[in-house]
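Data block below; observations after.
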Amino acid sequence: MMVGIIVFEMYGKKNAFYCGGTLITHRHIITAGHCIHDDKGRPFTENEIGFLLGAHDLRKIDYNDPIAVRKAEKLVKYPKYVWPITYDLAIAVMPTITFSKIIGPACLPTQRFNIENKALKVAGWGFITPQGPGSDVLKKTNLIGHSHGNCGKLYSTVTDAVFELDDPYQVCTSQPNTSQCRGDSGGPIMWVDPDVNRYILVAAPSYAAKECHRYPQVNSDVSYFEPWIQQVISETYPEEKTCAKIEN
109 MMVGIIVFEM YGKKNAFYCG GTLITHRHII TAGHCIHDDK GRPFTENEIG FLLGAHDLRK
169 IDYNDPIAVR KAEKLVKYPK YVWPITYDLA IAVMPTITFS KIIGPACLPT QRFNIENKAL
229 KVAGWGFITP QGPGSDVLKK TNLIGHSHGN CGKLYSTVTD AVFELDDPYQ VCTSQPNTSQ
289 CRGDSGGPIM WVDPDVNRYI LVAAPSYAAK ECHRYPQVNS DVSYFEPWIQ QVISETYPEE
349 KTCAKIEN
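Counting from 109, one number per residue, gives the positions in the sequence shown under our numbering.
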C-alpha cells in the first residue's frame, strides 16, 4: 500500500525522493496536494514525477525499470486545494497496477472517522530527526490521534504553525519522541481494524512544525475527502472499487 514519490530531476539532482502516497485501487494513489507541486507551488506534469511501488530500500531501486517506477496518467488535486496545504489532498490516476504479496491497497473509511485517542501507524522515508536526513529504508512508527481542541492548545506556542481549529478536513497526531517529519507528506496514516485485521487509511500527512518530534502533526482527514475520492474513481475507472471498513 505504501508508495514513494520521486521527482525525476530537481535542482540538478536526479530521482530525488519527495513524498509518500497510498495505493487504494489498481489505478489510484492518494497523496497530499502539495506533493504534486514543486516547492514554489508549480504543478508537476505527469512526466516529472514517478511512483515507487513495493519499495523498501531506496538505494536498491532500478530507476530505469518501468515496473518499479511508474508514471501517472493523470494528477488530480482536490477542487478547493490552495498551495501549499489548504485542502491538501490529491489523487494520482495510474496505469493498471498488479497486486502482489508486497503491493496491495489500503482500505478507506466509509463514514467520518473519529481519530481522537486512536492508536495509529505512519510509514515513510522522511527525516529521521528534524534536521534530517531522510531514511533510505522505509520506516514505521506509532501515533495517537488528537482532538482539534487539544491540538490547538499544543500548537498555540508554535510560531510556524498554520493549524486552524475550524478546519474540518484536518486532523492531528503525535507521539513523544517520534513522528512523521519532512518527506513523509502524503503517505499513509493507518488504523488497524481489529475486526478484520486490515489497514484503514485515515489520514495523509500534510504539515509539521519544524520541531516535528516535539509538536503534533497536521494531516488531511481521508474520511472528509471520501466522497470526492469515490467521485474521481467513478469518473476515471469506475470498474475500480476501494475496500472499506463498514463501521467506525
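Using N, Cα and C, we set each Cβ at its ideal position, and we do this for glycine too.
Can you find a CB in chain C that lies within less than 7 Å of the CB of Ile223?
Any reference to chain C falls outside this structure, which holds one protein chain only.
Should Gln239 be labelled buried (16 or more other beta-carbon atoms within 10 Å of its own) or exposed?
-> When all chains shown are included, Gln239 counts as exposed.
- Between which two residues does the beta strand (DSSP E) harbouring Tyr307 extend? First-last of the beta strand (DSSP E) with Tyr307: Arg306 to Ala316.
- Short Cβ contact (7 Å threshold) for Tyr195 with Asn123: Going by C-beta atoms, Tyr195 is not nearer than 7 Å to Asn123.
State whether the stretch 242 to 255 contacts the stretch 147 to 166, with contact taken as three or more CB pairs (one from each stretch) at a distance under 8 Å.
Look at the beta carbons and you see the stretch 242 to 255 touching the stretch 147 to 166: at least three pairs across the two are nearer than 8 Å.
Cα separation between Thr286 and Leu228?
-> Computed Cα separation, rounded: 13 Å.
*For Ser328, write down the residues that DSSP places opposite it in a beta bridge.*
Beta-bridge annotation (DSSP): Ser328 is paired with Gln278 and Ala312.
Per DSSP, what are the beta-bridge partners of Ala352 in this structure? Paired residues: Leu216.
Identify every run of the beta strand (DSSP E) within the stretch 157 to 212, keeping only runs that are complete inside it and at least 3 residues long; order them along the chain.
Restricted to the stretch 157 to 212, the beta strand (DSSP E) segments that are unbroken, complete and at least 3 residues in length are 157 to 161, 182 to 185 and 198 to 201, listed in chain order.
- Query: What is the DSSP secondary structure of Pro241, reduced to helix, strand or coil?
  - Reply: It is coil, neither helix nor strand.
Q: Give the secondary structure of Ile144 by DSSP, where H, G and I count as helix, E and B as strand, and everything else as coil.
A: Here DSSP, grouped into helix, strand and coil, assigns Ile144 to helix.
For Lys136, report the span of its beta strand (DSSP E) as first-last. Correcting the residue type first, residue 136 is His in the shown sequence and not Lys. From DSSP, the beta strand (DSSP E) with His136 extends over His136 to Thr139.
Open item on the list: Based on DSSP bridge pairs, tell me the residues matched to His254.
Closed with: His254 has Cys280 as its beta-bridge partners, per DSSP.
**Prompt:** Quick check: the stretch 126 to 139 against the stretch 153 to 161, are there 3 or more CB pairs under 8 Å?
**Reply:** The answer is yes - the stretch 153 to 161 touches the stretch 126 to 139, with three or more Cβ pairs under 8 Å.
- [ ] Kindly indicate which residue of His134, Ser255, Ala311 and Asp146 has the alpha-carbon position closest to the one of Ser208.
- [x] Of the residues His134, Ser255, Ala311 and Asp146, the one whose Cα lies closest to the Cα of Ser208 is His134.
- Quick one: using the 10 Å Cβ neighbour count with 16 as the cut-off for buried, is Asn356 buried or exposed? With a pLDDT of only 46 at Asn356, under the threshold of 50, the placement of this residue in the model should not be trusted, and no figure is reported.
**Asked** When the Cβ atoms of the stretch 172 to 184 are set against those of the stretch 144 to 154, are three or more pairs found closer than 8 Å?
**Response** At 8 Å Cβ cutoff, the stretches touch.
| field | Of the residues Thr139, Cys143 and Met109, the one placed nearest Val115, counting alpha carbons only | value | When only C-alpha atoms are compared, the closest one is Cys143.
Report yes if the CB atom of Ala312 is closer than 7 Å to the CB atom of Ser328, and no otherwise. A contact, by the Cβ cut-off of 7 Å.
Quick one, which of Thr265, Asn222, Lys185 and Ser342 has its alpha-carbon nearest Ile199's? It is Lys185 whose Cα lies nearest to the Cα of Ile199.
With 16 as the cutoff for other CB atoms within 10 Å, does Tyr119 come out buried or exposed?
By the Cβ neighbour-count rule, Tyr119 is exposed, with fewer than 16 other Cβ atoms within 10 Å of its own.
Q) Should Asp292 be labelled buried (16 or more other beta-carbon atoms within 10 Å of its own) or exposed? A) Around the beta carbon of Asp292, 16 or more other beta carbons lie within 10 angstroms, which makes this residue buried.
Notebook entry, point to check: Which class does Pro358 belong to by DSSP, given the choice of helix, strand or coil?
Noted result: Residue 358 lies beyond the stretch modelled for the chain, which goes from 109 to 356, so this question has no answer here.
Practice item. Go to Asn222, then tell me how far its beta strand (DSSP E) extends in each direction, as first and last residue. Key: Careful: Asn222 lies outside any beta strand (DSSP E) and carries neither H nor E.
message: Tell me the rounded alpha-carbon separation between Glu319 and Gln325.
response: If you draw a straight line from the Cα of Glu319 to the Cα of Gln325, it comes to about 10 Å.
Query - Three-state class that DSSP yields for Cys127 in the structure shown - result: In the structure shown, Cys127 sits in a strand (DSSP, three-state: E or B).
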